[in-house]
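*Asks:*
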């Protein structure tokens with residue numbers, strides 16, 4: 164629950180402050196957001212399953228964002244950034260939809 168409140172608070176603060184993102188980091192922002200959402204939905208699923216751990220959530224959150232950004236950076240260096248970005252989005256999207264399906268089954272007992 165604290166993670167969800169932190170996420171909501173971060174979004175609200177971001178909307179009011181409207182920070183400037185350096186141009187060099189703009190290609191990595193969508194990937195970082197999707198990786199962070201994957202960790203958040205995984206945390207919600209773990210909480211509903213009764214196996215949530217703060218440490219695991221923080222490590223998962225940070226490692227998802229860092230690994231996704233590194234994959235995109237490597238793709239940019241190799242000249243195939245858009246293909247690797249698409250791959251990262253597809254993999255994380257599948258994980259997000261899988262977690263949302265598990266959350267839905269848990270909430271609706273289906």
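Residue numbers (our numbering): 164 to 273.
Backbone N, C-alpha and C define an ideal beta-carbon position, used for all residues, glycine too.
Would you tell me roughly how many angstroms separate the C-alpha atoms of residue 178 and residue 171, rounded to the nearest one?
*Replies:* Here the question's residue 178 lines up with position 15 in the chain shown. Here the question's residue 171 lines up with position 8 in the chain shown. The straight-line gap from Cα to Cα measures roughly 11 Å.
*Asks:* Since residue 213 is in the alpha helix (DSSP H), which residue starts that stretch and which ends it?
*Replies:* For the purposes of this step, residue 213 is taken as the residue at position 50 of the chain shown. Counting along the chain, residue 213 falls outside any alpha helix (DSSP H), and DSSP gives it neither H nor E.
*Asks:* Let's see if you can read the secondary structure: which residues bound the alpha helix (DSSP H) around residue 272?
*Replies:* As a first step, residue 272 must be located in the chain shown, where it is residue number 109. From DSSP, residue 272 is part of no alpha helix (DSSP H); its letter is neither H nor E.
*Asks:* Can you look up residue 239 in the DSSP assignment and give me helix, strand or coil?
*Replies:* What you label residue 239 is simply residue 76 of the chain shown in a count that begins at 1. DSSP places residue 239 in helix when its eight states are reduced to three.
*Asks:* Please state whether DSSP places residue 185 in a helix, a strand or coil.
*Replies:* The residue given as residue 185 occupies position 22 in the chain shown. Reduced to three states, the DSSP call for residue 185 is coil.
*Asks:* Pair every Cβ in the region 188-195 with every Cβ in the region 230-250, then say whether three or more of these pairs are closer than 8 Å.
*Replies:* Yes: the two stretches touch, three or more of their Cβ pairs being nearer than 8 Å.
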